[in-house]
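Protein chains: 2
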Amino acid sequence: MKIKELQTQLQKHKIDCAVFFNLEEHTDPNFFYFVQHEVSGCLVVPQTGVPYIIASVMEAEKTCTAGFPVVVYKKEFMETLAAKIGKKKNTRVGIDESSVTLAFFSALKNGLKGSSGCSFADTSGICGTLRMIKTTQEEGHLRKACEASDEILETCIDQWNQFKTEREVYDFLVAETHKHGLVISFTPIVASGSGASQPHYQSKNIPLKKGFCVIDFGVKYQGYCSDTTRTIYLGEPTEKERKLYELVLSAQEKAVVQARMGIGAKGIKTFGDLHNQCEKELGAYAKYFVHSLGHGVGVQIHEAPAVSKRSTIPLQNGVAFTIEPGVYLPGKLGIRIEDTLIMKNKKASLLTKISKKLIVKK
Amino acid sequence: MKIKELQTQLQKHKIDCAVFFNLEEHTDPNFFYFVQHEVSGCLVVPQTGVPYIIASVMEAEKTCTAGFPVVVYKKEFMETLAAKIGKKKNTRVGIDESSVTLAFFSALKNGLKGSSGCSFADTSGICGTLRMIKTTQEEGHLRKACEASDEILETCIDQWNQFKTEREVYDFLVAETHKHGLVISFTPIVASGSGASQPHYQSKNIPLKKGFCVIDFGVKYQGYCSDTTRTIYLGEPTEKERKLYELVLSAQEKAVVQARMGIGAKGIKTFGDLHNQCEKELGAYAKYFVHSLGHGVGVQIHEAPAVSKRSTIPLQNGVAFTIEPGVYLPGKLGIRIEDTLIMKNKKASLLTKISKKLIVKK
């Protein structure tokens, strides 16, 4: 994916080669992004010419399936890397500082120190920007992921009466995903009753509680993530609860419509503006909206752009992201409604399409 | 866990405080180790006195359950951290370099730069060593994890005839784990036929193939991981295949016995010696044993000590680790047999106890 565009950026930033790792001790989502296959090794992208993967003998058989030339190492990865990229004087090596740990960086510096004066440059900005704008192929993958998760979530809610515990719902979601030949994109959240007031609740082996139940779920299709949240009600909601749900839903739907380029309803130009406007829509409940409006989504469940208060990234075509306002009354209840979207023809287009009408399970 | 021991080490290494993160943008397994609860925030352990957790308002409710004092921040984590630990001149802050990324480190340096000259020290060695030697409580958790995974794996193999695809086996293992109120400790591997020749095979939605089938599985009990691999045979093994299985089994069982302190059978003193001796036992097949003999295990599925060719770490009481020799004939077959063990009374004691006799499913 976008190897040529990466090479153009490397030339522009005078970086001789970029390296991306998917090794046991170190993984970098950019590796999958550029390789587009679930294999292991170190991807080396030179400024010009053919990129290749350095892989251990243990992984070589699998790594060859990715379609890149594979350089096999038997014992020491670092020696092989140094021999391949450290020949030239003063090689400038690009690494993604948001995924390389201090320890791995030390090992890298150490491994390349025999080479004639390697230096390092951060490629996280370059990669983040490339990844933020999706290609038609990526859009297709996201669309398929969202279609599948819509279907699975719908089946799950339809068959709700078979579930006794939060974990049973979780298991159903995972097993259904596998039946579709897919994998989940993150650990699903099934948070019932007061548990729903914790945005990052961990599903438990406990009976489903009465009240709002937040289900946050997504799958991966060809490595691309979907992300949806629906909140249903177990039991009989009070009028006040129904109104609170409608408030969150209305704020979510308004944000979806307001995510437009150019025409600037309410002066919204950036993802930060979108967050702040949505917060306003929640009125007195804005103080119970304790997280970001959303996040970029792609090969990672959270990636660029930031969709939060201070984000200065403009709304632009090709950006895939989520809109997920929520209201959490500590120890009492939680409501969150989330869709995955992509900016297309200057406006946000819903990729997740499952109904947002409040579903009540008696 | 071992907070006092950590503080002793901080004093010894003149580190004013150690910080461990479990934040969305950055997680560190040491956080769970010291806190022993699945909560979010930044654990601050001063050289002396009471450790505390800095947590966002969104996570505060949950974080309070961990039993540490909680300092809540509303907006900027870094500001709160700086206000708490940066008051003293020349504070030396301990971070685990094996988990902190370059980008997070920049943010940390930046956030603390208003403070009067913070400097940083690596605590990864200190933490790794503390974590390597298990307490009685940790041993108990590992034991429970291993008992549960023995039971689940046994049920899975007993009920084998219900499975048609690799993914169905995988789903069964995950769902059974949840029924026990537990979670898996890593993505299970179910690799049939030629897939088994890839040690890190990803289970597929494909019919189970004839031949050896490698099942690598583990669960977490109170955050502590078990790790077992059994290889069964689907169909009718040839005499040669049976012999190859017996060779791997014999090498595995010998390594279990040879993991002893002091009396030095075959001169084995370190985990490296243990690996090298096991490799010898595989004779002509040693070249098809392409990974380490094992790894330390605890709150992480892979942690100290290294159990590999060059490991100089001595066999010692309290160390929990795996022994998992394997033979992989590329594109043909794979066999791996793995147990989780703990060094006790100067010898390795099996924590996983499920039978290793070759099971044949027609």
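So the sequences go chain by chain: A and B. When we follow my numbering, the leftmost residue of the first sequence carries the number -6, and every step to the right adds one. When we follow my numbering, the leftmost residue of the second sequence carries the number -6, and every step to the right adds one. Heads up, the beta-carbon is just placed ideally off N, CA and C, and yes, glycines get one too.
Listed in chain order, the non-local C-beta contacts of Met254 of chain B below 6 Å within the same chain comprise Leu308, Lys339, local neighbours out to five positions each way being set aside. Of the candidates A:Pro44, A:Ala11, A:Tyr66, A:Tyr66 places its Cα closest to the Cα of His284 of chain B.
Annotation: the continuous alpha helix (DSSP H) that includes Met51 of chain A extends over 50 to 56. Counting every other CB atom within 10 Å of its CB across the protein chains shown gives Ala277 of chain B a total below 16, marking it as exposed.
Boundaries of the alpha helix (DSSP H) around Leu(-1) of chain A: -4 to 5. Of all residues in the stretch 25 to 38 of chain B, only Glu31, Ser33 come within less than 8 Å of chain A when Cβ atoms are compared, listed by chain position. What Gln195 of chain A touches in chain B, judged by beta-carbon distance under 7 Å, is Glu31, going in chain order.
Leu227 of chain B places its beta carbon less than 7 Å from that of Leu201 of chain B. With the rule of 3 Cβ pairs closer than 8 Å, the stretch 342 to 355 of chain A counts as touching the stretch 213 to 226 of chain A. The stretch 68 to 128 of chain B contains, as complete beta strand (DSSP E) runs of 3+ residues, the segments 85 to 88, 112 to 115 (chain order). Leaving aside the five residues that flank Asn83 of chain A on each side, the residues in its chain whose CB is nearer than 6 Å to its CB run, in chain order, Gly110. Under a 10 Å Cβ-count criterion, Lys(-3) of chain A is classified as exposed, with fewer than 16 other Cβ atoms of the shown protein chains found around its own Cβ. By the C-beta criterion, the stretch 174 to 194 of chain A is judged to be in contact with the stretch 207 to 221 of chain A, since at least 3 inter-stretch pairs fall below 8 Å. C-alpha of Ser304 of chain A to C-alpha of Ala313 of chain A: approximately 15 Å in a straight line. Under the Cβ distance rule, Gln191 of chain B counts among the residues neighbouring chain A, one pair being separated by less than 7 Å. Within the DSSP bridge table, the entry for Gly204 of chain A names A:Leu227 as partners.
In the structure shown, His134 of chain B falls within a helical segment according to DSSP collapsed to helix, strand and coil. Secondary structure at His173 of chain A: coil, using DSSP grouped into helix, strand and coil. Secondary structure of Ala313 of chain A (DSSP, three-state): strand. In the DSSP annotation of this structure, the continuous segment of the alpha helix (DSSP H) that includes Ser243 of chain A starts and ends at 232 to 251. Excluding the 5 residues flanking it on each side, Phe24 of chain A has same chain C-beta neighbours closer than 7 Å at Phe13, Phe14, Asn15, Leu36, in chain order.
Between Ser185 of chain B and Cys206 of chain B, the C-beta gap is smaller than 7 Å, which places the two residues in contact. By alpha-carbon distance to Leu(-1) of chain A, the top candidate from A:Val50, A:Thr122, A:Ile199 is A:Thr122. Counting C-beta pairs closer than 8 Å gives three or more between the stretch 113 to 133 of chain B and the stretch 289 to 298 of chain B, which meets the contact rule. Residues of chain B whose Cβ lies closer than 8 Å to the Cβ of Asn23 of chain A do not exist; the shortest such Cβ separation is about 13 Å. Counting C-beta pairs closer than 8 Å gives three or more between the stretch 71 to 91 of chain B and the stretch 35 to 52 of chain B, which meets the contact rule. A straight-line Cα-Cα distance of about 22 Å links Glu18 of chain B and Ser112 of chain B. Pairing Ala168 of chain A with Asp164 of chain B, the inter-Cα distance amounts to about 6 Å. Exclusion of the five residues before and after Leu322 of chain B leaves Ser190, Tyr281 as the residues of its chain whose Cβ lies within less than 8 Å of its Cβ. Contact annotation: in the stretch 269 to 285 of chain A, residues whose CB is within less than 7 Å of a CB in chain B are Val283, His284. According to the DSSP assignment, Lys340 of chain A belongs to the beta strand (DSSP E) that extends over 340 to 343. With a contact defined as Cβ atoms closer than 8 Å, Lys127 of chain A and Arg160 of chain A miss out at about 34 Å.
Taken atom to atom, the span from the alpha-carbon of His193 of chain A to that of Thr41 of chain A is near 44 Å. When rounded, the separation of the alpha-carbon atoms in Phe70 of chain A and Asp143 of chain A is 42 Å. Straight-line spacing of the CA atoms in Gly60 of chain A and Gly324 of chain B works out to 18 Å. In terms of beta-carbon proximity, Lys55 of chain A lines the interface with chain B, with at least one pair separated by less than 7 Å.
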